[in-house]
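One structure is given below, encoded as structure tokens.
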Amino acid sequence: MILRHSRGLLIAALALLAVEGLATAGRLLAIPGDPKNSLLLGLSLSRLLMLAAALGVALAALGLVVALARSARLAVQVERLVDRRAGLLAGMLAALAVGCWLGLALLRADLERNLSAYTRLQPVLLLGFLAGAQGLALLPLWKFGLRRASTGRAGRAGLAAFAALGLLFALMALTGFGVTPDLYAWGPPGVPLLAWQVALVALLGCGVYLLGGWARPGSAAPRGLDLALCVALWALAAGLWLSQPLSPSFFNPPLRAPNFEYYPYSDAGYYDYIAQGLVSGNGYLNGRGVTRPLYILFLGLLHLLGGDDYAALVRLQTLALALLPAALYLLGKAFHSRAAGLMLGGLAILRELNSYAATPLTEVSHAKLLLADLPATLAMVLLVLACARWLQEPRRRWMPLVVGGAAGLMALLRAQSLLVMPFVFLLALFVYRGQFRRLVEAGLLALLGLALALGPWVARNAMNGNGFSIDQAGNQVVIFAQRYSDQVQRWPPRAEGESEAAYSRRLMALAREFAIQHPGYVAGFIGAHFLNNLADAAAVLPVQISFDDARDNWTLDSLFWKGMLPALPEESVRLLFLNVTLIALGIGACRARWGAAGLLPLAVLVGYSLSNAIARNSGWRYILPVDWVGYFYAVTGMLALLAWVLALLGRTGVEPGRQPVESSAAGRFPWRRALLVGLAFLLAGSMVPLAEYLFPRRYPVMEKAALAEMLLASPGVRNSGVDLEALRGFLQSDGTVLLRGQALYPRFYHSGQGELGNGWPGYAMREGSRLSFLLLQPAGPRQAILWLDKAPKAFPNAAETLVAGCASPEGYVQVLLAVLPGSKERVYWHGMQGPYSCPLP
């Protein structure tokens, strides 16, 4: 039914404008008067003019309300005017809204100087903005007519999602649970998208959705279009990301003498030096357990291609991780449309740019840092894409094998990601309703794929005495036990002679005992971290439109998003409400179209958030692999809202239809395809441990006496001024440390300088000028300090190095002499006079 000449709609809009005009007049009268410029009733000429304008708008709107209520003919005349001048009216209204908003932004950009003008102009500019925005909203409804349309299943599902999310966030706001920080690993929200970025992507995406039939749900497209769009997104992401300069951060500290190069540090350094040790023939820490082995192997391959230069390394990594927008495109297309995929890819590109911009402000994780978070994000999107292919078309009976294998490889990047799979199979219960045998078959295939991908690495750890573990048994379990205690700052000590596997078992027993004795406390911090993760996924969308500092509207110049959830300002509450509304609409749209399979990204977010919460982590880079789920559902919510509006206006064929999911499959099981898939995942999983045997040892194990003779025979040592007899005696003493390997990450520190963190004692802040480096040698990495008064002119990174020194109680080597052999032999020594003995002064 078409409701043309709807006077009620126009009367309601004009009545609202009249109320706003009167409210504006009241606000102008409430501003304290200026006696010096008073013209009438204590008001200046400018205030009188603004008051007259506000009252004029209110009276004109009221007059039109009365006229329209009395005359239907007037409504017809207004409608004809709109039909003839719709474009002109739209342009005028848009100019009014945008001009008033820009006026407010410019005044607030320098509020200290413009405070007086802002106080007086703000009510009138706000009225102009509201009038323009409301007119733009009313214009298409009046021009095209209002049609009745039912949102059906999508509306009901969206309403249910909105009620659940709204109740959840309301309880968090009222109780502080999930908002008040926990004692341990409570991260702030990740770097957010900005309002203009979301608005731009929404405008472009909705335009593509309207103009391009190929961009809508279920539409056909020219052959090769999807591949072309993926390549275009990858190229755009790679070009924009590579154009951003390297910036110092906690994980690649500022440039320092002697080389003034970036080197990785902390977690990034851990992954990198193990990767360098792998390609040097030392394996993964000589057979010990390591964390994130798949990422370490990836870095090792990058070192084979790019050498030891950090800039070359991050360029190669950026080219690989630029596949993320393309993967999100495929995911958006699978669940909604090509328009949704393009919007998701665009938001991923812009958010990464925001992470680069935020690097000088706070700790971040992005493609130019040697961290596993963004690779894990790409892997998680690919895993969700595999799960979507399976749950949307379960007749592909071999797909659960792909899902299990992908989950196994994902676990080699993030072990806790395995907790996602029970939530995926919870959705499968609904997809396979009434098909119990098929569900059991799918479960067994997924377990087989998981075993094929993970089995080789687990077997490697078991054979090396690390237990049947996926992750690093020692340190990871220590951190877990530390968090499951009432003394989170205490590291449980390792008993003398206790193996790593036995140590891990003992610590896990302590953690279980603590959880049994304090169930309320443990449930409390798990629940708080879980809710913090969910809130952070919503906070990735814009939570601020800044008028205090206009720069925050276009780039990141302040940490406005950190710590804002505990006490959101009013404007941020409104934006968060909008975010939650769009996310709920997206959940409803996906649920209506795909059934239980439409909830797959939500299930993955819940499962991964819970896995982090159990480990007592939340926020920041801990949730990065899945926080894209927030803007995934927001994008589908935007397009669902657009489709509903178009349907109300009479446009047909724009709403995504319900997709039937067939859970049965006729015919024989595809054994050949399943065999090929299984072999592929077995090969991929085997490459991680087999890499330990692919590279010859660059620095074989040598006896101490042989190293001493090599050092004493060095021409550079003989010409350096070192007391050779005193050095010979020093090298033969029991307390001396003699090492040979690669010297990585040389940094010179003046007294009192150093890096933050407590995991690298060789780089910690301490008194005394020194050169610090990490020696990668057959027995494992050792940090070293050479005390020097001033920085050397050069100390090449990753050069072969012979070190003679003493073991420090803090775990590093006190270097007496460091020799870099080769055609241009370099010698660095302590400078002390003989005799030499440990400890060094």
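Number 238 in the working numbering belongs to position 235 of the sequence shown; there are no gaps in the numbering.
Just so it is clear, CB atoms sit at the ideal spot from N, CA and C, and this is done for glycine as well.
Just so it is clear, the structure is predicted and the values come from calculations on it, not from any experiment.
- When beta bridges are read from the DSSP output, alanine 802 appears opposite Ala746.
- At the C-beta level, arginine 398 and arginine 392 stay beyond 8 Å of one another.
- Here alanine 375 is not near alanine 687, since their CB atoms are 8 Å or more apart.
- Close CB contacts of alanine 70 within its chain, under the 8 Å cut and outside five residues either way in sequence, are with Leu77 (chain order).
- A direct Cα-Cα distance of roughly 11 Å separates arginine 773 from alanine 260.
- Uninterrupted alpha helix (DSSP H) stretches at least 4 residues long and entirely within the region 416-465 occur at 423-434, given in chain order.
- Tyrosine 625 sits in a helix when the DSSP states are folded into three classes.
- Excluding sequence positions up to five before and after leucine 388, its CB lies within less than 7 Å of the CB of Ala330, Leu333, Leu334 and Ala337, all in the same chain and listed in chain order.
- In the displayed model, threonine 380 falls within a helix according to three-state DSSP.
- Between phenylalanine 733 and tyrosine 839, the CB-CB gap stays under 8 Å.
- Around the beta carbon of threonine 739, 16 or more other beta carbons lie within 10 angstroms, which makes this residue buried.
- DSSP places tyrosine 212 in the helix class (H, G or I) of the three-state scheme.
- Counting only runs of at least 4 residues, the region 666-706 fully encloses the following alpha helix (DSSP H) elements, listed from N- to C-terminal order: 674-693.
- In this structure the region 820-830 touches the region 789-809; the number of beta carbon pairs closer than 8 Å is three or more.
- Between glycine 161 and the set Pro191, Asp737, Gly640 and Ala224, the nearest pair of CA atoms involves Gly640.
- Residue pairing by DSSP places phenylalanine 776 opposite Ala787 in a beta bridge.
- Excluding the 5 residues flanking it on each side, proline 784 has same chain C-beta neighbours closer than 6 Å at Tyr276 and Leu777, in chain order.
- Rounded to the nearest whole angstrom, the C-alpha separation of glutamate 803 and leucine 779 is 9 Å.
- By a beta-carbon distance limit of 8 Å, glycine 470 contacts asparagine 464. Their separation comes to about 6 Å.
- Inclusion of proline 267 and leucine 373 in the CB contact set at 8 Å is warranted, their separation being smaller than that value.
- Annotation: leucine 20 to alanine 28 spans about 12 Å, alpha carbon to alpha carbon.
- In this structure, Gln419 is the residue among Gln419, Leu679 and Leu412 with its C-alpha nearest to the C-alpha of serine 621.
- In the three-state reduction of the DSSP assignment, asparagine 722 falls in the coil class, being assigned neither a helical nor a strand state.
- For leucine 54 and valine 68, the gap between their C-alpha atoms comes out near 21 Å.
- For valine 816, the three-state secondary structure derived from DSSP is strand.
- Under DSSP, leucine 741 forms a beta bridge with Ala807.
- Annotated as distal: phenylalanine 751 and alanine 801, with beta-carbon spacing of 8 Å or more.
- Taking C-beta atoms as the reference points, leucine 110 and glycine 135 fail to come closer than 8 Å.
- In the DSSP assignment, tyrosine 831 falls within the beta strand (DSSP E) that extends over 829-832.
- Counting along the chain, the unbroken alpha helix (DSSP H) around aspartate 539 starts and ends at 522-542.
- For valine 648, there are no CB contacts under 7 Å within the same chain when 5 residues up- and downstream are skipped.
- A check of alpha carbon separations from histidine 306 across Pro296, Leu450 and Val317 identifies Val317 as the nearest.
- Below 8 Å, enough C-beta pairs join the region 626-638 and the region 535-545 to call them touching: three or more.
- In the DSSP assignment, glycine 309 falls within the unbroken alpha helix (DSSP H) covering 296-309.
- Alanine 382 counts as buried, since at least 16 other C-beta atoms from the protein chains shown sit within 10 angstroms of its C-beta.
- In this model, alanine 166 and leucine 588 are separated by some 11 Å (Cα to Cα).
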